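2 protein chains.
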Amino acid sequence: MKIHNFSAGPGILPAEVLKQSAEACINFDNLNLSLLEISHRSKNYEKVMLEARNTVKELFEVGDEYEVIYLGGGASTQFAMVPYNLLTENGHAAYVNTGVWASKAIKEAKIIGNTKVIASSEDKKFTYVPKGYEIPTDADYLHLTSNNTIYGTQIKQFPKTNIPLVCDMSSDIFSRKVNAKDFSLIYAGAQKNMGPAGATMVMVRKDALGKTGRKMLSMLDYQVHIKGDSMYNTPPVFPIYVTLLTLQWLKKNGGIAWIEKLNQQKADLLYNEIDCNSLFYGTVVKEDRSNMNVCFLTNKPELEPEFDKIWKDANISGIRGHRDVGGYRASLYNALPLESVQVLVDTMKEFEKKFA
Amino acid sequence: MKIHNFSAGPGILPAEVLKQSAEACINFDNLNLSLLEISHRSKNYEKVMLEARNTVKELFEVGDEYEVIYLGGGASTQFAMVPYNLLTENGHAAYVNTGVWASKAIKEAKIIGNTKVIASSEDKKFTYVPKGYEIPTDADYLHLTSNNTIYGTQIKQFPKTNIPLVCDMSSDIFSRKVNAKDFSLIYAGAQKNMGPAGATMVMVRKDALGKTGRKMLSMLDYQVHIKGDSMYNTPPVFPIYVTLLTLQWLKKNGGIAWIEKLNQQKADLLYNEIDCNSLFYGTVVKEDRSNMNVCFLTNKPELEPEFDKIWKDANISGIRGHRDVGGYRASLYNALPLESVQVLVDTMKEFEKKFA
């Protein structure tokens, strides 16, 4: 039975990646040992780690001025590590608040140092992306959240600035072309477009580090992890391997150019139905709609149980909206095929036909 | 081909756990979805997390005065989190230095607050466990490392004290009976006796927390994770599941009483050969020998390539000693069968017969 997996994260992964992951649990790299029970210092795994790091640089088209590391602890740990590594004692950091995750990043930064929220869409429940705000030229960095998983907004055009740009790309990394060289630091929890839960990728310009003068805890110090080739301590071995498989799948199928086009088709198909269907409407302003997380409501909430029955019968999974928004949220991550979106659209049409 | 896996960690896991893990990569809990692509907030996974937490309490035979959480970032992150959560501004912490990992824990604690090393075996290259040292009665806690993976020593009897006891049990957790109620906090990276790399278990007495007055970063605050039922943020989903399977395997086969007896048999078999065989000798004092990591050298180092050939031909893997000690290290973690130790002993006998 084929399930159409619209989960917001951990989210859908390519079927061939799942198959390879299962195989590695039994016999990894023809060692007759499971990947779950071998040393991360084995040559076989060191190759995985190196390739997982290099493939990120390749997909982002950056050179040796950047380093890539994989860490445990989720993107939430990065909310603390970013200011810990970049925010100087007398300096300040600038944040744009576009939702729950940005708010959490701001909260942690405030514990570490002087943190200013220079723009926010909280006034309208994060249903848009702030634009045209003034960026301080003397801040240590500007922190953005490229895609808001919960409210379904996405930064379509990143602001231009001379200060270091830091971006949490957890929910739309490698879903579209970005000019990675415009950023000093990009981080992402793997569990949406990159792989399974348990690993977080950090790509950072080397020259952005070492400036705070702070005496640092080893595990929170990017330079310690870089020096240790992302193996200062035992890394999350299996999640990083599955991440590598997912990135290889992306590369093999045509890379960012291919996936950006496919993701646009998927988003267009679904948003078009939301706009045409008399029983549904989108929750955010059109120009800021996320191509990854499509949030929508029905204007006949009393009929929700009827719609729920229809999509469940179609083997659709994971489209219940986040509790803060309600209604529905369809996540269209890289591994979700266009066919699954068509199935969802068909259920929406069926719902309209029956109940409009 | 059956490999005898003596890896020091990540280490051997039960064959049935590996099989179940592989199955979960394809179809978890009959959802027709992979465990790698479902929400950690799904009922199916919430059940896993709850059981993984409860099984630790059950195996340690403790009640509701303790909480169990699983975190990313490895035991190395706990080197910082322990003092961050327990060491008061005007207080001090006491540490016993029994090796590389204890030294790293001490280094992090010193960054956070007043830290005293009250005993150390560094004078003899960590080849013994200090005993009979005086424990300050006014320290915030005493930190111990129950087993030294690199040098192959193990604390056989924990010191009695009235101050809170904290213990890094990464490399011998659930290998033997301990009085868990004597400890305020026990932590362990999963990747030796508990499961695969990527998850760290922390069990803590609730009344030990909330005393530092420190303004805390969320991800480093045990109370935040406890309040979130170990799901404050997305946890390392798959590593925790494999950990649960491993704990269930232990319980099903007879629990701590069963494994302690088996581990003693395995250790006795190997140490006996080391002591009888004219070509080998152990590296640490006998009374402190670890039942988990058996370190030994040959007194004819020029013949190492000959011995290496013999054990490699016997499908033995992972017994090369740590670079700090050299020679050999056989790790006898819970999932290693007695038969594998017998195979190793046989190769040692063969080596002696040929070259003594």
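Chains as they are written, first to last, in this note's numbering: chain A, 7 to 362; chain B, 7 to 362. Heads up, the beta-carbon is just placed ideally off N, CA and C, and yes, glycines get one too. These figures come from a predicted structure and were not determined experimentally.
For this session: Evaluate B:K198 with the Cβ neighbour count: other Cβ atoms within 10 Å of its Cβ, from every protein chain shown; 16 or more gives buried, anything less gives exposed.
Result: Burial of B:K198 is indicated by the presence of at least 16 other C-beta atoms within 10 angstroms of its C-beta.
Exercise. Between A:N36 and chain B, is there a C-beta pair that is closer than 8 angstroms?
Worked result: False, the Cβ-Cβ gap to chain B never drops below 8 angstroms.
Exercise. Along the segment 301 to 330 of chain A, what residues have a CB closer than 9 angstroms to any CB found in chain D?
Worked result: Any reference to chain D falls outside this structure, whose protein chains are A and B.
Problem set entry | Beta bridge counterpart(s) of A:T206 as assigned by DSSP | Answer is A:L77 and A:G195, bridged to A:T206.
For this session: Please check if any C-beta of chain A sits within less than 8 angstroms of the C-beta of B:E64.
Result: The beta carbon of B:E64 does not come within 8 angstroms of any beta carbon belonging to chain A, so the residue lies off that interface.
Exercise. Can you tell me whether B:R329 is buried or exposed, with buried defined as 16 or more other CB within 10 angstroms of its CB?
Worked result: The residue is exposed, with fewer than 16 neighbouring Cβ atoms inside 10 Å.
Exercise. Is A:I316 near A:F357, with beta carbons less than 8 angstroms apart?
Worked result: Annotated as proximal: A:I316 and A:F357, with beta-carbon spacing under 8 angstroms.
For this session: Would you verify that the beta carbon of A:H46 is, or is not, closer than 8 angstroms to some beta carbon of chain B?
Result: It does; some Cβ of chain B falls within 8 angstroms.
Problem set entry | chain A contact for B:S152 (CB, 8 angstroms cutoff) | Judged by the 8 angstroms Cβ criterion, B:S152 is not in contact with chain A.
Exercise. What is the DSSP secondary structure of B:Q163, reduced to helix, strand or coil?
Worked result: It is coil, neither helix nor strand.
For this session: Select from A:G288, A:P343 and A:R295 the residue whose C-alpha is nearest the C-alpha of A:T304.
Result: Per the Cα distances, A:G288.
Problem set entry | C-alpha gap between A:I112 and A:T121, whole angstroms | Straight-line Cα distance between these residues: approximately 7 angstroms.
For this session: From the DSSP output, read off the bridge partner residues of A:L93.
Result: Beta bridge pairing from DSSP links A:L93 with no other residue.
Exercise. Mind checking A:N11: buried by the 16 CB within 10 Å criterion, or exposed?
Worked result: Flag for A:N11 reads buried.
For this session: Use the C-beta contact count for A:L344: other C-beta atoms within 10 angstroms, 16 or more gives buried, fewer gives exposed.
Result: With a 10 Å radius around the Cβ and a threshold of 16 neighbouring Cβ atoms, A:L344 comes out exposed.
Exercise. Does the pairing of the segment 242 to 252 of chain A with the segment 19 to 35 of chain A give three or more beta-carbon distances under 8 angstroms?
Worked result: As far as the Cβ criterion goes, the segment 242 to 252 of chain A touches the segment 19 to 35 of chain A, which means the pair count is three or higher.
Problem set entry | Proximal residues of chain A, C-beta to C-beta of B:Q197 below 7 angstroms | Within chain A, the C-beta atoms nearer than 7 angstroms to that of B:Q197 come from T240, in chain order.
For this session: Check whether the Cβ of B:S236 lies closer than 8 angstroms to any Cβ atom in chain A.
Result: Output row for B:S236: interface = no.
Exercise. So is the beta-carbon of B:D227 under 7 angstroms away from any non-hydrogen atom of the ligand SAM?
Worked result: By its list of ligands, the structure shown contains no ligand whatsoever, and the ligand SAM lies outside what it can speak to.
Exercise. Between the C-alpha atoms of B:E73 and A:K306, what's the straight-line distance to the nearest angstrom?
Worked result: In this structure, the straight-line span from the alpha carbon of B:E73 to that of A:K306 is close to 44 angstroms.
For this session: Report the rounded CA-to-CA distance for A:D146 versus A:S127, giving the unit in angstroms.
Result: Cα to Cα, A:D146 sits roughly 22 angstroms from A:S127.
Problem set entry | First and last residue of the uninterrupted alpha helix (DSSP H) at A:S337 | Premise fails: A:S337 lies in the beta strand (DSSP E), Y334 to S337, not in any alpha helix (DSSP H).
Exercise. Does B:N19 come within less than 8 angstroms of chain A when only Cβ atoms are used?
Worked result: According to the sequence provided, residue 19 of chain B is Leu. The question's Asn does not apply to it. So yes, B:L19 belongs to the interface.
For this session: Compile a chain-ordered list of the residues in the segment 203 to 235 of chain B whose CB is closer than 9 angstroms to at least one CB of chain A.
Result: Answer in chain order: A203, G204, A205, T206, K221, M222, L223, S224, M225 and L226.
Exercise. Using DSSP with H/G/I as helix, E/B as strand and the rest coil, what is B:D235?
Worked result: Looking at B:D235 - three-state DSSP - the assignment turns out to be coil, as it is neither helix nor strand.
Problem set entry | Coil, strand or helix - A:V230 by DSSP | Three-state result, A:V230: helix.
Problem set entry | Same chain, Cβ closer than 6 angstroms to A:S3, neighbours up to 5 away in sequence not counted | There is simply no residue 3 of chain A to check, as chain A begins at 7 and stops at 362 in what is shown.
Exercise. Who are the near neighbours of A:G80 in its chain, counting only those whose CB is closer than 7 angstroms to its CB and skipping five residues on each side?
Worked result: Correct list, in chain order: G195 and T206.
Exercise. With B:G17 and B:Y339 assumed to form a contact (beta carbons below 8 angstroms), what rounded beta-carbon distance in angstroms separates them?
Worked result: The Cβ separation is near 4 angstroms, so the contact holds.
For this session: Go to B:S48, then tell me how far its beta strand (DSSP E) extends in each direction, as first and last residue.
Result: Neither: B:S48 is in no beta strand (DSSP E) and is coded neither H nor E.
For this session: Please decide whether B:E345 counts as near chain A, where near means a Cβ-Cβ distance under 8 angstroms.
Result: For B:E345, no Cβ of chain A is located within less than 8 angstroms of the residue's own Cβ.
Problem set entry | Proximity below 8 angstroms, CB of B:S337 to CB of B:N299 | Yes, the pair counts as a contact, with Cβ atoms nearer than the cut-off.
Exercise. Quick one: is A:I291 buried, meaning 16 or more other Cβ sit within 10 Å of its Cβ, or exposed?
Worked result: It should be pointed out that residue 291 of chain A corresponds to Val in this sequence rather than to Ile. Under the 10 Å beta carbon count, A:V291 is surrounded by fewer than 16 other beta carbons and is classified as exposed.
Exercise. Of all the CB atoms in chain A, is at least one closer than 8 angstroms to the CB of B:S27?
Worked result: Chain A has a Cβ within less than 8 angstroms of the Cβ of B:S27.
Problem set entry | Rounded C-alpha distance that separates A:V243 from B:G234 | The alpha-carbon atoms of A:V243 and B:G234 are separated by roughly 25 angstroms.
Exercise. Do the segment 222 to 236 of chain B and the segment 178 to 191 of chain A touch if we need at least three Cβ pairs shorter than 8 angstroms?
Worked result: Touching, no.
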